[in-house]
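Novice:
Protein chains in written order, with the working numbering: chain A, 1 to 114; chain B, 1001 to 1110.
1) Distance cutoff 8 angstroms, beta carbons only. Does residue 1044/B sit that close to anything in chain A?
2) What do you reckon, are the CB atoms on residue 1071/B and residue 1060/B nearer than 8 angstroms?
3) Counting only Cβ-Cβ distances shorter than 8 angstroms, please list the residues of the region 55 to 72 of chain A near chain B, keeping chain order.
4) Does the Cβ of residue 48/A lie closer than 7 angstroms to at least one heavy atom of the ligand NAD?
5) In this structure, does DSSP put residue 1005/B in helix, strand or coil?
6) For a contact defined as C-beta to C-beta under 9 angstroms, what are the partners of residue 106/A on chain B?
7) Does DSSP put residue 71/A in a helix, in a strand, or in coil?
8) What's the gap between the Cα of residue 111/A and the Cα of residue 47/A?
9) Name the DSSP beta bridge partners of residue 90/A, please?
10) Excluding five sequence neighbours on each side, which residues of the same chain lie with their C-beta closer than 8 angstroms to the C-beta of residue 58/A?
11) Between the C-alpha atoms of residue 39/A and residue 94/A, what's the straight-line distance to the nearest angstrom?
12) Quick one: Cα of residue 1054/B to Cα of residue 1098/B, how far?
13) Mind checking whether residue 9/A and residue 107/A have CB atoms under 8 angstroms apart?
14) State yes or no: is the beta carbon of residue 1094/B nearer than 8 angstroms to at least one beta carbon in chain A?
15) What first and last residue would you give for the beta strand (DSSP E) that runs through residue 1079/B?
16) Taking any Cβ of chain A, which residues in the region 1078 to 1106 of chain B have a Cβ under 8 angstroms from it, in chain order?
17) List the DSSP bridge partners of residue 11/A.
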């Protein structure tokens, strides 16, 4: 069974440009999460989808970040315009419906803004 | 005060050693507790959940002290393959809103 897959694995963009990260959760997982780790910091929660609905977006840093999950399958996270401090690794994760289920992480999308 | 605090290490130990990691969390309303393992430039993977009564999985033992807001992980008979960063993780908010510590790096040497 395929795990959580993310694309691209690495991206280098200039300040002010736009980047869109994609996440395909494990098949059948209604819960999808985005996290990120910026340099020298801990991994931080960004938001949580249940199917196509945003359940919790309390961790989104500002309105330059837009997450979508149309159709309740894959999700995208767009950063527009990117700033230097957005550099880091963006993890997507998914889990089955119900509390107590293991959250599985993807390998992350490494973003460098120059 | 950080939400989840860990000693960053690194812990450098010989094979076969016993090593213990500690973690404290700030929110007494925390409900779920985990240890995740992260290899270099890889994703975090769940090592084990931590229960109030303490739990063991092979060479790994996790303990939780709610009164002290303290979590521990003990690794016995360390293997080279145990080398990784160990992340202390708690959850007190919505499902999936995991709060991570910065991690403790372990290096097991031959």
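In this text, a Cβ means the ideal position worked out from N, Cα and C, and glycines have one as well.
Small disclaimer: the values here were computed from a predicted structure and weren't measured.
Specialist: Reading off the structure:
1) yes
2) no
3) 55, 56, 58, 59
4) Ligands in the displayed structure: none, and consequently the ligand NAD is not present.
5) strand
6) 1043
7) helix
8) 18 angstroms
9) 36/A, 109/A
10) 45, 47
11) 24 angstroms
12) 20 angstroms
13) yes
14) yes
15) That residue, residue 1079/B, is in no beta strand (DSSP E); it is neither H nor E in DSSP.
16) 1087, 1093, 1094, 1095, 1096, 1097, 1098, 1099, 1100, 1101, 1102, 1103
17) 111/A
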